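S.K.: What follows is a single structure, and I will ask about it in a moment.
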Amino acid sequence: MRIGFLMDPLENVRVDHDSTFALMLECRRRGLEVRELRQEWLYVADGRARARMRTVEVQRIAGAHFRVSVDADAPLAELDVLFLRKDPPVDVDFVRATQMVELGPGPLLINHPRGLRAANEKLFALRFPDLVPPTLVARDLPRLRAFIDAQAQAYLPAVREGDKRIILLGGEPLGAVLRVPREGELRANFASGGSAAPALLTPRDREICRRLAPALSELGLWLVGIDVIGGRLTEVNVTSPTGLVEIDALNGESLEARVIDFALQRAGLPARAAAGM
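Using my numbering, you'd call the opening residue of the sequence shown number 9 and step up by one each time.
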């Protein structure tokens, strides 16, 4: 079985933090064939999506974390599952890539391109106005200033205690981690230096997940990260949600195994493949 990952360059991943890399490691643990794809390697010939693909062996050793065994062009239809994990920006090239991977017969796509195009990570949350803080989205500077001192989103003091990243799989909460901002910083995401702390799911968190689930399912958004601050939904991350590695480390879990189980089962592969090889 062949599992593809459309992602940023494998050379640049942080092996101890990258959720995509954790998924690749889990595939290799099961003996599945892992292929790396990049946005710029996609092309269409005779109406079918194809790409340069690198078949890789991966290990969690920084600086020696992968080895390429095969580097060749192939149709996407050779894959059983393709994880679309390219980081933003969601620009013209990104959108074009999502259109290309849909052409011709192909693998199970996680997340589905139509969902990636439809679910802007800030605007999608606004479909649920009772779940989000008071928010204005505008380009009109006077309007923004009039809203609240030039802030486009109400400041939530609870962010000082951290924002909660919740991973959803098939619309169900898979796990959560509290991202705590470093001293002197309001942003709590890991890219800004935030640290990870254990998090429990509250009834409010579960209600937010329940409300989002039908809309996510309709768009084929199976693996999603949402951010919650003080019981308010602030973001819905659908492109390449992170947090799997941090939740694993805090809770002694293997969320990536459950993600691969889910993907293989949705692809209609034998149960023994989902259980491990």
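We put the CB at the ideal spot given by N, CA and C, even for glycine. Keep in mind that this is a model prediction, so the values were computed, not measured.
So, ARG173 versus VAL185, is the Cβ gap smaller than 8 Å?
M.R.: Translated into the one-based positions of the sequence shown, residue 173 becomes position 165. Translated into the one-based positions of the sequence shown, residue 185 becomes position 177. Yes; because the gap between Cβ atoms is below 8 Å, this pair is in contact.
S.K.: Buried or exposed for VAL100, going by 16 or more other Cβ atoms inside 10 Å?
M.R.: For the purposes of this step, residue 100 is taken as the residue at position 92 of the sequence shown. Flag for VAL100 reads exposed.
S.K.: Compute the Euclidean distance between the alpha carbons of ALA257 and VAL267, then round it to the nearest angstrom.
M.R.: The residue you call residue 257 lines up with position 249 of the sequence shown. The residue you call residue 267 lines up with position 259 of the sequence shown. Spanning the two alpha carbons is a distance of roughly 16 Å.
S.K.: From ALA57 to PRO150, what does the alpha carbon distance come to, in whole angstroms?
M.R.: As a first step, residue 57 must be located in the sequence shown, where it is residue number 49. As a first step, residue 150 must be located in the sequence shown, where it is residue number 142. Taking the straight line joining both Cα atoms gives about 46 Å.
S.K.: In the DSSP assignment, find the alpha helix (DSSP H) that holds MET61 and state where it starts and stops.
M.R.: Counting from one through the sequence shown, the residue named residue 61 turns up at place 53. From DSSP, MET61 is part of no alpha helix (DSSP H) but of the beta strand (DSSP E) over 56-66.
S.K.: Look at the alpha carbon of GLU44 and the alpha carbon of ALA85, and state the distance between them as a whole number of angstroms.
M.R.: Within the sequence shown, residue 44 is the residue found at index 36, counting from 1. Within the sequence shown, residue 85 is the residue found at index 77, counting from 1. Approximately 15 Å, taken between the alpha carbons.
S.K.: Would you call the CB atoms of VAL236 and ALA127 closer than 8 Å?
M.R.: Position 228 of the sequence shown holds residue 236. Position 119 of the sequence shown holds residue 127. No, the pair does not count as a contact, with Cβ atoms beyond the cut-off.
S.K.: With a cut-off of 8 Å on the beta carbons, I'd call LEU248 and ASP24 a contact; round off their distance for me.
M.R.: Position 240 of the sequence shown holds residue 248. Position 16 of the sequence shown holds residue 24. Per the sequence presented here, residue 248 reads as Ser, with Leu not at that position. The pair is not a contact, with the Cβ atoms about 17 Å apart (cut-off 8 Å).
S.K.: Going by beta carbon distance, what residues of the same chain come within less than 6 Å of ARG22, once the five residues before and after it are set aside?
M.R.: Counting from one through the sequence shown, the residue named residue 22 turns up at place 14. Closer than 6 Å at Cβ, skipping near neighbours: no residue.
S.K.: Between which two residues does the beta strand (DSSP E) containing ARG104 stretch?
M.R.: Position 96 of the sequence shown, counted from the first residue, corresponds to residue 104. Per DSSP, ARG104 belongs to no beta strand (DSSP E); it is in the alpha helix (DSSP H), 100-108.
S.K.: Rounded to a whole number of angstroms, what is the C-alpha to C-alpha distance between THR143 and SER225?
M.R.: On the sequence shown, residue 143 is found 135 positions in, with the first residue counted as 1. On the sequence shown, residue 225 is found 217 positions in, with the first residue counted as 1. Roughly 25 Å between the two C-alpha positions.
S.K.: Closest Cβ-Cβ distance between ALA127 and chain B: below 8 Å?
M.R.: In the structure shown, chain B cannot be found, because there is only a single protein chain.
S.K.: When you compare only the Cα positions, how much space is there between ALA82 and THR106?
M.R.: In the sequence shown, residue 82 corresponds to position 74, counting from 1. In the sequence shown, residue 106 corresponds to position 98, counting from 1. Rounded to the nearest angstrom, the two C-alpha atoms are 17 Å apart.
S.K.: Residues bridged to ASN259 by DSSP?
M.R.: The sequence position of residue 259 within the sequence shown is 251, counting from 1. In the DSSP output, where bridge partners are listed per residue, ASN259 has none listed.
S.K.: By how many angstroms is the C-alpha of VAL246 removed from the C-alpha of GLU261?
M.R.: Position 253 of the sequence shown, counted from the first residue, corresponds to residue 261. Position 238 of the sequence shown, counted from the first residue, corresponds to residue 246. Cα to Cα, the separation comes out at about 22 Å.
S.K.: Taking all protein chains shown into account, do 16 or more other C-beta atoms lie within 10 angstroms of the C-beta of THR242, making it buried, or fewer, making it exposed?
M.R.: On the sequence shown, position 234 is the one that residue 242 refers to. Buried, since its Cβ has 16 or more Cβ neighbours within 10 Å.
S.K.: Could you check if ALA158 is buried or exposed, using at least 16 other CB atoms within 10 Å of its CB as the buried criterion?
M.R.: By 1-based counting over the sequence shown, the position of residue 158 is 150. Any reading at ALA158 must be qualified, since the residue scores a pLDDT of 49, below 50, and its modelled position is unreliable; the value itself is stated next. Per the 10 Å Cβ criterion, exposed.
S.K.: Does the pairing of the region 116-132 with the region 205-214 give three or more beta-carbon distances under 8 Å?
M.R.: In short, these stretches do not touch, since the Cβ pair count stays below three.
S.K.: Please report the distance separating the alpha-carbon of GLU264 from that of ILE234.
M.R.: Translated into the one-based positions of the sequence shown, residue 264 becomes position 256. Translated into the one-based positions of the sequence shown, residue 234 becomes position 226. Roughly 17 Å separates the two Cα atoms.
S.K.: Please report the Cβ distance between LEU124 and LEU92, rounded to the nearest whole angstrom; I am assuming they are in contact, meaning their Cβ atoms lie under 8 Å.
M.R.: Position 116 of the sequence shown, counted from the start, is the residue given in the question as residue 124. Position 84 of the sequence shown, counted from the start, is the residue given in the question as residue 92. Yes, they are in contact, since the Cβ atoms of LEU124 and LEU92 sit about 6 Å apart, within 8 Å.
S.K.: If I'm right that MET32 touches VAL78 with Cβ under 8 Å, what's the distance once you round it to whole angstroms?
M.R.: The residue given as residue 32 occupies position 24 in the sequence shown. The residue given as residue 78 occupies position 70 in the sequence shown. Their Cβ separation, rounded to whole angstroms, is 15 Å, which puts MET32 and VAL78 out of contact at 8 Å.
S.K.: Pick from ARG36, ARG37, GLY238: whose alpha carbon is nearest that of PRO141?
M.R.: As a position in the sequence shown, residue 141 is number 133, starting the count at 1. Of the listed residues, the one whose Cα sits closest to PRO141 is GLY238.
S.K.: Could you work out which residue in ALA146, CYS35, LEU134, MET15 is closest to LEU272 when comparing CA atoms only?
M.R.: Residue mapping note: residue 272 aligns to position 264 of the sequence shown, counting from 1. Comparing Cα-Cα distances from LEU272 to each of ALA146, CYS35, LEU134, MET15, the minimum goes to CYS35.
S.K.: If distances are taken between C-alpha atoms only, which option among LEU182, GLY170, ALA80 comes closest to GLU218?
M.R.: For the purposes of this step, residue 218 is taken as the residue at position 210 of the sequence shown. Glu is not the amino acid found at residue 218; the sequence shown has Arg there. The shortest Cα separation from ARG218 among LEU182, GLY170, ALA80 belongs to LEU182.
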